[in-house]
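Asks:
Numbering (the numbering used here), first residue to last: 4 to 707.
1. Given this structure, state the Cα-to-Cα distance separating residue 149 from residue 662, to the nearest angstrom.
2. Using 8 Å as the Cβ pair cut-off and three pairs as the minimum, do the region 169-182 and the region 510-522 touch?
3. Just the C-alpha distance for residue 695 and residue 526, rounded to the nearest angstrom, thanks.
4. Could you pull out every residue in the same chain whose Cβ sits closer than 7 Å to the Cβ of residue 627, ignoring the five residues on either side in sequence?
5. May I ask you to report which of helix, strand or coil DSSP gives residue 156?
6. To the nearest angstrom, how far is the alpha carbon of residue 171 from that of residue 441?
7. Around the Cβ of residue 43, are there at least 16 other Cβ atoms within 10 angstroms (buried) or fewer (exposed)?
8. Report yes if the C-beta distance between residue 36 and residue 78 is below 7 Å; otherwise report no.
9. May I ask which residues mark the beginning and end of the alpha helix (DSSP H) holding residue 90?
10. Measuring straight from C-alpha to C-alpha, what distance separates residue 614 and residue 644?
11. Check the C-beta distance from residue 59 over to residue 418 and give it rounded, since I have them as a contact under 8 Å.
12. Take the Cβ of residue 401 as the centre, count every other Cβ of all protein chains shown within 10 Å, and call the residue buried at 16 or more, exposed below.
13. Helix, strand or coil for residue 431 per DSSP?
14. Write down the C-beta distance between residue 85 and residue 420 rounded to the nearest angstrom, noting that I regard them as a contact closer than 8 Å.
15. Quick one: Cα of residue 633 to Cα of residue 701, how far?
16. Our contact map puts residue 610 next to residue 649 with C-beta atoms below 8 Å; I'd like the distance itself, whole angstroms only.
17. Report the start-end ranges of each beta strand (DSSP E) in the region 542-612 that is 3 residues or longer and not cut off at the edges.
18. Could you compute how far the alpha carbon of residue 158 sits from the alpha carbon of residue 26?
19. Do residue 162 and residue 681 come within 7 Å of each other at the CB atom, strictly closer than that value?
20. Looking only at its chain, what residues have a beta carbon closer than 7 Å to the beta carbon of residue 92, apart from the 5 residues adjacent to it on each side?
21. Rounded to the nearest angstrom, what separates residue 586 and residue 108 at their Cα positions?
22. Helix or strand or just coil, what does DSSP make of residue 84?
23. Bridge partners for residue 41 per DSSP, in chain order?
24. Span of the alpha helix (DSSP H) holding residue 406?
25. Considering only residues of the same chain and omitting the five flanking positions on each side of residue 635, which have a CB-CB separation below 8 Å?
26. Could you tell me whether the Cβ atoms of residue 101 and residue 590 are closer together than 7 Å?
27. Given a cut-off of 7 Å on the beta-carbon distance, is the pair residue 119 and residue 112 in contact?
28. What residues match up with residue 694 in a beta bridge as DSSP calls it?
29. Among the residues of its own chain, which have a CB less than 7 Å from the CB of residue 639, if the five just before and after it don't count?
30. Go through the region 491-526 residue by residue and report every complete run of the alpha helix (DSSP H) that reaches 4 residues or more, in order.
31. Would you list the residues sitting across from residue 76 in a DSSP beta bridge?
32. For residue 659, report the span of its beta strand (DSSP E) as first-last.
33. Output the distance between the C-alpha atoms of residue 34 and residue 600, rounded to the nearest integer angstrom.
34. Could you check the C-alpha separation between residue 125 and residue 641 for me, to the nearest Å?
35. Using CA atoms only, rank isn't needed, just tell me which of 674, 653, 659 and 496 is closest to residue 96.
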């Protein structure tokens with residue numbers, strides 16, 4: 004009898020809860036339209052049953068065509084979502100201080116943790132404060148080096164497809180964008196290494212030191228697999244990895260105070276002393292050193308072993324002032340070239356040496372996950388450093404498991420969002436999605452963990468090397484030398500490895516997947532609209548008038564002169580916003596368009612529809628960059644065009660993304676004319692975490 008009473012009480016409780024939710028839903032639905040029919044208990048959930056991510060996205064778009072800009076959908080048991088795309092509703096929601104990311108983002112938490120994308124409140128504020136300097140305009144200008152070089156590499160990769168009826172450009176852009184986030188040595192450089200051919204990581208640490216952890220990653224090849232790499236078409240390209248020359252390498256600046264090898268209780272900085280008017284002295288064939296400043300005691304450290312390269316390492320000296328020691332700079336040889344492994348202006352010499360010919364051990368390491376992570380050998384003018392400070396060479400690995408894992412995970416999130424499972428999170432483990440998701444997350448976390456582990460170990464060993472610690476000399480952002488995104492995080496003593504991984508995962512996802520979408524749909528739009536492509540190509544030719552300018556690296560000043568390029572990119576992001584949907588949850592009751600929407604309501608902002616408001620953008624499906632010309636008719640409000648969201652939670656990396664898009668498009672268009680592939684008669688889309696092409700959408704290229 005007692006079990007029956009308990010069961011009846013439970014049923015009564017659930018029924019009352021259902022009625023309360025339905026009453027709240029009815030209050031919202033009385034003000035906003037909603038699709039019909041609304042079935043008892045099931046609501047509108049039946050509309051999304053057994054649909055993949057692409058079909059779900061188009062179902063949502065169809066509902067807006069039927070119901071208007073703002074509408075309500077019913078989930079299971081009276082659960083409701085408010086879908087909005089009107090400027091008034093967006094202003095109230097995205098500028099509100101009483102919202103947070105909704106349950107859609109909770110599905111990302113097993114992968115991204117509570118990083119910048121998912122956190123809120125004080126934690127979000129602190130993380131944003133830490134990461135913001137990474138996107139300072141001075142640092143962004145230095146990213147141009149990366150984008151220029153990686154796009155040149157992409158141009159070379161595409162040559163093999165000239166004359167083909169079509170090929171998969173999306174895969175190339177995905178891998179290119181991932182490489183642009185991670186460091187890669189320039190094509191005309193070779194890595195510094197010792198006489199055994201081991202690549203130095205800047206503090207005497209070799210690839211062998213991380214080989215064990217690298218080989219644990221799925222799909223990693225051994226040292227016997229040296230036949231080269233494959234591009235997305237499956238063609239082999241042996242020995243395609245490029246290297247930096249040792250003469251121009253600069254070690255990565257270590258983080259924090261000098262390690263155990265330094266003097267106790269001291270802080271080591273670097274400075275450049277002025278060269279004496281007297282000729283520099285040399286000792287026993289040593290490279291010249293600086294003269295000693297007066298009233299300073301000089302301690303000469305032992306010379307490192309001679310290297311087989313073109314230069315012998317110069318002697319490092321340590322200047323002691325009271326209780327402090329400083330690493331004193333060595334004099335640059337008359338040839339103007341720095342000794343191997345030395346840091347410009349510091350005289351810090353590493354035990355690195357030049358390699359004669361190609362280093363086969365370095366080439367044995369493929370890209371990350373389905374390949375390995377390559378920590379950088381150095382940094383500086385010869386080293387194009389980006390955010391992570393590691394190399395994954397994704398373009399040489401078309402079957403990159405990390406890239407595929409991100410794509411598959413996004414599809415699962417969207418299907419889960421609109422499935423009945425949303426109302427039963429405790430039962431999610433019974434679905435096949437759960438077990439597939441676990442494997443994908445392990446793949447992605449294995450990659451980022453290996454990046455962090457290798458980088459942290461390299462920095463620790465560098466700190467423990469006498470004379471290997473830098474200070475900032477006032478150059479760079481906020482008086483500090485430029486650090487990679489990963490260096491910046493590791494500088495924060497308050498962040499654990501788990502905290503760092505959250506931000507690395509977040510940046511890797513947002514920094515390559517969304518940019519891939521923007522670049523790809525730009526190329527597709529230009530291929531489908533040859534008149535726009537022709538005009539943009541003519542503008543590029545007008546700005547880059549000489550052959551020398553066309554072969555030089557693009558600068559920020561050059562890009563700013565390309566006004567039509569800006570218009571094209573803006574129109575691409577209007578028609579094909581990289582992130583088509585964002586979500587919020589109300590923490591307090593908020594009035595939206597005259598309706599008091601109760602706290603706890605899930606809000607879905609459809610950016611894809613925001614940009615298709617016919618009152619703001621006449622004939623919204625038409626691709627027309629002239630909408631963004633200075634003399635375009637009509638006016639736009641601040642919430643009519645928001646490809647990077649708006650408010651405090653807007654995209655922190657939007658300038659980074661736009662800069663990468665501009666460099667990529669200009670260099671690709673200088674090299675090739677883009678045309679639709681044989682099977683491409685229109686641009687078909689699907690939406691999950693980002694906007695992607697749907698089905699087979701190939702491109703065709705012709706040499707300019």
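Positions of the beta carbon are idealized from the N, C-alpha and C atoms, including for glycine. Note that this is a predicted model, so its numbers are computed, not measured.
Replies: Answer, in terms of the structure:
1. Computed Cα separation, rounded: 11 Å.
2. As far as the Cβ criterion goes, the region 169-182 touches the region 510-522, which means the pair count is three or higher.
3. Going by C-alpha positions, residue 695 is about 13 Å away from residue 526.
4. For residue 627, where only same-chain residues beyond five positions count, the Cβ hits under 7 Å are 574.
5. Taken through DSSP and simplified to helix, strand or coil, residue 156 comes out as helix.
6. Between residue 171 and residue 441, the C-alpha separation is close to 29 Å.
7. By the neighbour-count rule (16 or more Cβ atoms within 10 Å), residue 43 is not buried but exposed.
8. Not a contact, by the Cβ cut-off of 7 Å.
9. Unbroken alpha helix (DSSP H) run through residue 90: 90-97.
10. So the two alpha carbons sit approximately 6 Å from each other.
11. Approximately 7 Å separates the beta-carbon atoms of residue 59 and residue 418; this is inside 8 Å, confirming the contact.
12. Buried.
13. The DSSP-derived three-state label of residue 431 is helix.
14. For a cut-off of 8 Å, the C-beta gap from residue 85 to residue 420 is around 14 Å, too long to register as a contact.
15. Cα to Cα, the separation comes out at about 34 Å.
16. Contact flag wrong, Cβ pair sits at about 10 Å.
17. The region 542-612 contains these whole beta strand (DSSP E) runs: 584-589, 593-595, 598-600 and 605-609.
18. Between residue 158 and residue 26, the alpha-carbon positions lie close to 59 Å from each other.
19. Here residue 681 is not near residue 162, since their CB atoms are 7 Å or more apart.
20. Shown here for residue 92: same chain residues with a beta carbon closer than 7 Å to its own, the five before and five after excluded, namely 73, 595 and 596 in chain order.
21. Distance between the alpha carbons of residue 586 and residue 108 is about 8 Å.
22. Residue 84: strand per DSSP, three-state reduction.
23. None, per the DSSP bridge assignment.
24. Here the alpha helix (DSSP H) through residue 406 covers 404-420.
25. Within the same chain, residue 635 has close Cβ partners 629.
26. In terms of Cβ geometry, residue 101 and residue 590 form a close pair [threshold 7 Å].
27. No. Outside cutoff.
28. Answer by DSSP bridge pairing, in chain order: 690.
29. These residues qualify, in order along the chain: 619.
30. Complete alpha helix (DSSP H) runs here, min 4: none at all.
31. Residue pairing by DSSP places residue 76 opposite 84 in a beta bridge.
32. Taken as a continuous stretch (DSSP letters only), residue 659 belongs to no beta strand (DSSP E), being part of the alpha helix (DSSP H) at 657-674.
33. One alpha carbon belongs to residue 34, the other to residue 600, and they sit about 10 Å apart.
34. Cα to Cα, the separation comes out at about 27 Å.
35. Comparing Cα positions, the closest option is 653.
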